[in-house]
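Data block below; observations after.
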Amino acid sequence: MATSAQNEAETKLIYLCSKENKEVANILTDVREILDDPSVRVDATDKDGMTGLMHAAFGGNVKLCKLLIEKGADVNSNLHSQGYTALMFATISGSAPVVQLLLEKGASVTATNNVNRTAAQMGGFVGQRECVNIINGYFPIERLKYYTQPQGLETSPKLDPVLLEPLHSLITNNVIHPVKFVLLIKDKDLHRHQHQVCSVLRILIDKSFHEDNEPFSLKLHLIWCTVKECNTTGTDELLKKLLQQTEDCKSLEVEKYLRLCIKSYPHVHSVLFKQLVQVVADTSLGDQPTTLTQVIAAIQGNRGFIDQESCSTCGTTSKNVKKCSKCKKVWYCNVECQRLSWTLGNHKKLCKIWSGQNQEKSK
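In case it helps, full-length UniProt numbering puts the sequence shown at residues 1 to 363.
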């Protein structure tokens with residue numbers, strides 16, 4: 001039976017981890033001191049069955065979640081009265097960093113609550129699209145690590161171990177946009193290792209399809225196409241091509257590129273593929289819905305109403321994107337994307353045109 005001192009310590013632990021407790025100073029130090037007492041249970045619950053990790057996940061406190069997990073917190077505890085897990089709490093509160101952390105620490109994406117809903121389904125219901133995309137696109141690094149070791153009669157692995165983390169980062173990136181793919185590929189020189197990278201990607205494309213994960217298979221195919229194109233064309237040349245816009249702000253080169261990628265998808269009997277081909281074929285180049293919009297919908301689902309803008313360069317959707325201060329026509333997520341748009345893209349030319357149009361309207 002728990003002693004009164006133990007109960008008091010566990011009550012304080014849960015209080016410190018609760019969402020309403022953000023004002024407490026030195027919270028990590030206090031929690032660590034409590035958990036240094038071996039009699040204190042890291043998975044102690046409150047009256048609703050919530051553990052400290054669940055509270056910290058709901059509050060979006062990444063550092064606290066890390067500490068609790070290091071101290072042995074069960075990432076898959078479902079003692080909550082409604083069967084919620086820490087991943088569910090992090091998802092419905094929209095804490096993407098905590099969702100990522102929990103997945104990396106083994107959180108189950110298939111666990112359901114008392115009404116048979118997974119974390120992704122709950123997140124989708126409350127509009128936490130970023131968290132849902134992280135869950136649906138999550139790919140354990142262990143599955144990729146398998147290819148860094150010789151299998152069977154192989155004398156060398158399919159994938160050099162130094163490529164493991166860069167390729168995993170590329171695969172788990174949740175921004176579906178060819179420019180974003182190119183930037184990630186260029187950053188780690190993955191195109192220099194095209195044979196290894198594309199060989200492993202091809203295996204994963206087929207495995208994902210046969211595991212009934214057609215959206216992920218399609219995403220991997222787009223990455224496969226982009227790695228090959230980067231090696232053939234060169235990253236800067238490909239970026240220069242993709243970053244061209246028309247005067248009516250359309251990215252036709254991105255549209256053309258995606259259509260070619262779709263055309264080369266190997267699993268032509270895929271239901272998702274057939275649906276995507278049909279809607280793209282029925283839409284003229286540059287018209288709405290764009291090919292990019294349809295590809296994102298196929299991989300991540302329809303996004304519905306979005307109150308955030310997307311970077312005109314790489315497609316990143318964020319509250320932090322900023323309009324071009326001169327033309328007020330395009331958005332950028334950071335200085336690097338703005339620089340690329342001006343140096344490799346044709347924004348320098350278009351910005352003058354659009355700025356002039358704005359001046360005419362203001363007269």
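Yeah, the Cβ is synthetic: ideal placement off N, Cα and C, and Gly gets one too.
- Shortest Cα-Cα distance from Asp-206 to any of Pro-266, Gln-194, Thr-235, Leu-252 involves Pro-266.
- Between Val-132 and Gly-315, the CB-CB gap reaches or exceeds 8 angstroms.
- Spanning the alpha carbons of Leu-102 and Val-42 requires a straight line of approximately 16 angstroms.
- Around the beta carbon of Leu-260, fewer than 16 other beta carbons sit within 10 angstroms, so the residue counts as exposed.
- Going by DSSP, His-168 is part of the alpha helix (DSSP H) stretching over 164 to 172.
- Taking the Cα of Asn-173 as reference, the smallest distance to any Cα among Leu-220, Asp-189, Val-200, Phe-209 is reached at Leu-220.
- Beta-carbon to beta-carbon, Ala-111 and Asn-136 are separated by about 15 angstroms, too far to satisfy the 8 angstroms threshold.
- Here Asn-231 is buried: its Cβ has 16 or more other Cβ atoms, across all protein chains shown, within 10 Å.
- Glu-229 carries a helical assignment under DSSP once its states are collapsed to helix, strand and coil.
- Around the beta carbon of Asn-61, 16 or more other beta carbons sit within 10 angstroms, so the residue counts as buried.
- Inclusion of Gly-83 and Asn-114 in the CB contact set at 8 angstroms is warranted, their separation being smaller than that value.
- The beta-carbon separation of Leu-67 and Val-31, rounded to 6 angstroms, stays under the 8 angstroms limit for a contact.
- Take the alpha-carbon of Met-122 and the one of Ile-353: they are about 45 angstroms apart.
- Nearest to Lys-47 by alpha-carbon distance, out of Ile-203, Ser-251, Ser-81, Trp-331, is Ser-81.
- With a cutoff of 8 angstroms on beta-carbon distance, Lys-326 and Cys-351 are scored as near each other.
- In this structure Arg-129 is buried. Its beta-carbon is surrounded by 16 or more other beta-carbon atoms within 10 angstroms.
- The Cβ-Cβ distance between Leu-222 and Val-254 does not fall below 8 angstroms.
- Taken through DSSP and simplified to helix, strand or coil, Lys-352 comes out as helix.
- Linking Leu-79 to Ala-44 through their CA atoms gives a straight-line distance of about 10 angstroms.
- The Cβ neighbour count for Cys-249, taken over all protein chains shown within 10 Å, is under 16; the residue is labelled exposed.
- Distance from the Cα of Ala-56 is smallest, within the candidate group Cys-333, Lys-71, Val-40, Ala-90, for Ala-90.
- DSSP lists Glu-309 as the beta-bridge partner residues of Ser-318.
- Between Thr-313 and the set Ala-9, Leu-238, Asp-212, the nearest pair of CA atoms involves Leu-238.
- In this structure Leu-190 is in contact with Pro-166, their Cβ atoms being roughly 6 angstroms apart against a cut-off of 8 angstroms.
- Separation of the CB atoms of Ile-176 and Ile-14 is rounded to 39 angstroms, and the pair is thereby denied contact status at 8 angstroms.
- Straight through space, the alpha carbons of Cys-17 and Val-197 are spaced by roughly 42 angstroms.
- Assigned with DSSP and collapsed to three states, Thr-91 falls in helix.
- For Gln-244, no alpha helix (DSSP H) encloses it, and the DSSP letter there is neither H nor E.
- In this structure, Lys-328 is the residue among Lys-348, Lys-328, Gln-338 with its C-alpha nearest to the C-alpha of Asn-358.
- Less than 8 angstroms divides the Cβ of Cys-311 from the Cβ of Val-321.
- Apart from the 5 residues on each side of it in sequence, Met-50 sits with its Cβ closer than 6 angstroms to the Cβ of His-80 in its chain, given in chain order.
- In the three-state reduction of the DSSP assignment, Lys-329 falls in the coil class, being assigned neither a helical nor a strand state.
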